[in-house]
Amino acid sequence: VIVTPPESPLVLTAAIVGAEVTRAHTPYLPITAQELADEAARCRDAGAAVIHLHVRNADGTASQSTELFGEAIGRIREKTDVIIQTSTGGAVGMSVEERLGPLACKPEMATLNCGTINFGDDIFVNTRPDIRAIARRIREAGSIAELECYEVGHIHEALSLLKEGLLGAPLHFQFVLGVPGAIMPSEEVVLFMRSQIPAGASWAVAAVGRYQRPMTELAIKLGGHARVGLEDNIYLEKGVLSEGSAPLVARAAAYARSLGREIVDPDRARVLLGIPT
Ligand code: KMH
Ligand code: ZN
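So in this note's numbering the end of the sequence shown lands on 356, straight run, no missing numbers.
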């Protein structure tokens, strides 16, 4: 079992939009490039070093278009120095080629989804050949991969990619917990997943819905990193919508500070994550 010292630096990620939440769910969802940039800057001020980014068409539907990502990244760059981590997961049903649209923008980081799962009533398909193709493309874009693991076996798949030379150490794991149809979050699950990652790797937890707050606090307590935001959870409290992702980041940051964890800024996070500066 790898024990990360609780006083270790904390990287907070804000997942500000995602592909599934709509304005019918919450009016606080950013959609346009300007709204995404404003929200990214608010999250940075609240303590986020990384923005996990999706983009939307003007009608609010999910997109992986290079052009829309380019516009959003440009606007975010005008306002703030956050690390931009683009999604390569997109929305269920998109082709792999479509999902890779943002890599043409050469983002600092990109997600690599490490396996297939039931995703609510849909199937989020990531075949083994697809995972390898996406890993190669992330590397060709000069981006650092964040390994999205929705099940324990996805960690083992990432380790296979490392052995095959498709990933370089140190690895960065995101344990995405609580997707309906996949593993549910609990302390035992987090401890087991953490026990499966190699020494020197970093790990974070992104938990869905009502699990977001307790799992964020657990990850922070255990010395891991954490992701919050509207992509995964739209509520601040039961029945109270969060007015964007920044209040969720601020609450996680306050909790971390109460435990003595240092919240790192984007430049420090770049060093920790091995992103060239
Ligand atoms: N929207 C989900 C189907 C990622 O960003 O890489 C996939 C997702 C993961 O959001
Ligand atoms: Zn995502």
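Glycine included, every Cβ here is placed at the ideal spot set by N, Cα and C.
Everything numeric in this text was worked out from a predicted model, so none of it was measured.
- Under the three-pair Cβ rule at 8 Å, the stretch 309–325 counts as touching the stretch 90–105.
- Straight through space, the alpha carbons of R336 and R211 are spaced by roughly 39 Å.
- Exclusion of T92 from the 7 Å shell around the ligand KMH follows from its C-beta lying no nearer than that to any non-hydrogen atom of the ligand.
- Cβ neighbours of I202 within its own chain (closer than 8 Å, five residues either side excluded): V171, T195, I196.
- A distance filter of 7 Å between CB atoms and the heavy atoms of the ligand KMH selects the following residues in sequence order: G97, A98, E99, H131, H133, S166, T167, G168, G169, A170, V171, T190, N192, F198, F203, E227, E310.
- Taking 8 Å as the cut-off, the Cβ atoms of A333 and E118 do not count as close.
- Assignment of alpha helix (DSSP H) within the stretch 154–218, counting only whole runs of 4 or more residues, yields 175–178 in chain order.
- Here DSSP, grouped into helix, strand and coil, assigns R306 to strand.
- L270: member of the alpha helix (DSSP H) spanning 266–274, first to last residue.
- Under the three-state reduction of DSSP output, R340 falls in the coil class, being neither helix nor strand.
- Counting only runs of 3 or more residues that sit fully inside the stretch 100–157, the beta strand (DSSP E) segments are 129–132, in chain order.
- In the structure shown, T92 adopts extended strand secondary structure according to DSSP, grouped into three states.
- In this structure, R135 and V96 form a Cβ contact; the two beta carbons are roughly 7 Å apart against a cut-off of 8 Å.
- Excluding its 5 nearest sequence neighbours in each direction, I152 has C-beta neighbours in its own chain below 6 Å: I163, C184, listed in chain order.
- R306 counts as buried, since at least 16 other C-beta atoms from the protein chains shown sit within 10 angstroms of its C-beta.
- Comparing C-alpha distances from P249 to each of G279, H235, A112 shows the shortest one belongs to G279.
- In this structure, K300 is the residue among P277, K300, V258 with its C-alpha nearest to the C-alpha of E266.
- Apart from sequence neighbours up to five positions away, the residues of its chain that approach V161 with a beta-carbon distance below 6 Å are A119, R123, I130, P345, ordered along the chain.
- Close CB contacts of G288 within its chain, under the 7 Å cut and outside five residues either way in sequence, are with G257, N312 (chain order).
- Cβ contact annotation for L226 (same chain, cutoff 7 Å, sequence separation greater than five): L191, C193, A237, L250, H251, F252, Q253, in chain order.
- Note on geometry: alpha-carbon atoms of T206 and A98 lie some 20 Å from one another.
- Its Cα nearest to that of S222, the residue T165 stands out among G308, V269, T165, G244.
- Counting only residues of its own chain and dropping the five nearest sequence neighbours on each side, A261 has a CB closer than 7 Å to the CB of I196, N197, Y229, E230.
- The Cβ atoms of V328 and G303 do not sit closer than 8 Å to each other.
- Taking 8 Å as the upper bound for CB-CB distance, L351 and P186 are not in contact here, some 17 Å apart.
- The criterion of a C-beta distance shorter than 8 Å is not satisfied by A125 and H133.
- When beta bridges are read from the DSSP output, Q291 appears opposite no residue.
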